[in-house]
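Here the structure comes first, spelled out in structure tokens, and everything after it is commentary.
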Amino acid sequence: MSETVTLTAAPEDSGTRLDKYISDNIAELTRSAVQNLIERGAVLVNGTAAAKNYKLRAHDEVQTEIPDPEPMDALPEDIPLDIVYEDADLLVVNKPKGMVVHPAHGNRTGTLVNALLHHCEGGLSGINGVIRPGIVHRIDKNTSGLLIVAKTDAAHLRLAEQIKAHSFTREYEAVAVGAFREPSGTIDAPIGRHKTDRKKMCVTTENSRNAVTHYEVLRQYGGYAHVRLRLETGRTHQIRVHLAYIGHPVLGDDVYGKPFKGLEGQCLHARKIGFIHPSTGEYMEFTSDLPEYFQAVLRRLGKM
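This note's numbering puts the sequence shown at residues 5 to 308.
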């Protein structure tokens, strides 16, 4: 069924074109898709259909009907993979920065799933459907590092249970902005969808889930810090939201912080992953060296 999203324009949105405002605030819709919806009369401003070049005024109420997504198949593509471990049940893959995990509108090809379908010849768990086969957990496009992929439904379910029980080891390293007062700490703050910007998450008590991140400062570089982070929970954008919440956004994070010259997106790497093997019951742990982009940032900060 289609979904209707209601947004209220803030004073700072005054003068913004309607189609731009909607596409900036509803992650599912591109600007061209919004323009099509406006032409169909599926967008109302203060209860009345408006033109796509309508300029917003403060406190305008914008209602957008989001149609059901069109069916989309993920197709195999011969894309090189950095496979750290593989057996009949699962793979551990080292994802490069800039690669999207699974197809979505705007990123239908070139994703990790496209590469996995080719490598595994379709032999992936089907629990998450045809768009996310084998994907037990995700990391963001501009986050590099390790993630686990399930080949069978049984392996997928057992791994997902570990994540739910918080027994799944996930450690990250990041460069954060600012000087930390404490060498280590815990951020315990619930995370939910942002009220007005649906592309963002935020710390909130409304429609949220508990989220816990433990951090340790490895080295301070004046106004920047190299930190290690361990996830107790795994919410969308958790590390990025939590570090921004305590005033130390991830370097280069253009959503929760600020861009950093010479760096595409956030400086965040999933360095360690550990889990109980779904068939053998053995605890397995894998680490990934910091990629060159991350090391280059550290070298650059060391010279500042």
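Here a beta-carbon is modelled for each residue, glycine too, at the ideal position from N, C-alpha and C.
Can you tell me the Cα-Cα spacing of residue i and residue j, whole angstroms?
| i | j | result |
| --- | --- | --- |
| Leu-151 | Ala-274 | 8 Å |
| Pro-313 | Arg-61 | Not covered by the structure: residue 313. The range shown for the chain is 5 to 308. |
| Gln-242 | Ala-215 | 7 Å |
| Gln-67 | His-106 | 29 Å |
| Gln-166 | Ala-229 | 31 Å |
| Gly-306 | Tyr-225 | 7 Å |
| Ala-37 | Glu-286 | 48 Å |
| Lys-265 | Asn-132 | 37 Å |
| Cys-124 | Pro-282 | 19 Å |
| Ile-277 | Thr-12 | 41 Å |
| Glu-220 | Gly-189 | 7 Å |
| Cys-206 | Leu-95 | 32 Å |
Looking only at C-alpha atoms, which of the options sits nearest to residue i?
| i | options | result |
| --- | --- | --- |
| His-122 | Gly-182, His-246, Ile-83, Leu-94 | Ile-83 |
| Arg-232 | Lys-307, Tyr-176, Gln-39 | Tyr-176 |
| Arg-234 | Val-66, Val-181, Glu-210, Ser-171 | Ser-171 |
| Asp-23 | Pro-15, Ala-53, Lys-204 | Ala-53 |
| Leu-272 | Val-259, Thr-237, Glu-289, Asp-144 | Asp-144 |
| Val-301 | Gln-39, Ser-129, Phe-279, Val-181 | Val-181 |
| Ile-70 | Arg-35, Leu-95, Met-308, Val-96 | Arg-35 |
| Tyr-249 | Leu-11, Lys-56, Lys-204, Gly-278 | Lys-204 |
| Phe-290 | Arg-202, Glu-90, His-246, Arg-142 | Glu-90 |
| Ala-183 | Gly-251, Ser-292, Asn-111 | Gly-251 |
| Gly-126 | Ile-87, Thr-200, Ala-158, Glu-81 | Glu-81 |
| Ala-178 | Gln-299, Glu-210, Met-288 | Gln-299 |
| Val-104 | Arg-136, Ile-87, Gly-130 | Arg-136 |
Does the separation of the CB atoms of residue i and residue j fall below 8 Å?
| i | j | result |
| --- | --- | --- |
| Arg-244 | Arg-213 | no |
| Val-117 | Ala-164 | no |
| Thr-208 | Pro-194 | yes |
| Val-49 | Asp-64 | yes |
| Glu-268 | Gly-102 | yes |
| Gly-30 | Val-9 | Before going on, a small fix: residue 30 reads as Ile here, not Gly. Cβ distance < 8 Å, so Ile-30 and Val-9 count as in contact. |
| Ala-119 | Leu-85 | yes |
| Thr-115 | Gln-270 | no |
| Gly-154 | His-160 | Checking the sequence, you will find Ala at residue 154 rather than Gly. In this structure, His-160 lies closer than 8 Å to Ala-154 by Cβ. |
| Gly-19 | Lys-56 | no |
| Asn-111 | Ser-292 | no |
For a test of the three-state rule: what should DSSP assign to residue i, helix, strand or coil?
| i | result |
| --- | --- |
| Asn-211 | coil |
| Gln-270 | coil |
| Gly-306 | helix |
| Ala-183 | coil |
| Leu-128 | coil |
| Tyr-58 | coil |
| Val-140 | coil |
| Glu-87 | It should be noted that the sequence gives Ile, not Glu, for residue 87. Reduced to three states, the DSSP call for Ile-87 is strand. |
| Asp-258 | coil |
| Leu-116 | helix |
| His-313 | Lying before the first or after the last residue shown, residue 313 is absent from the chain, which here runs from 5 to 308. |
| Arg-21 | strand |
| Phe-298 | helix |
| Arg-44 | coil |
| Leu-79 | coil |
Name the DSSP bridge partner or partners of residue i?
| i | result |
| --- | --- |
| Leu-150 | Asn-98 |
| His-230 | Val-179, Arg-223 |
| Asn-111 | Ala-108 |
| Val-66 | Leu-11, Val-49 |
| Leu-163 | None, per the DSSP bridge assignment. |
| Lys-276 | Glu-175, Thr-291 |
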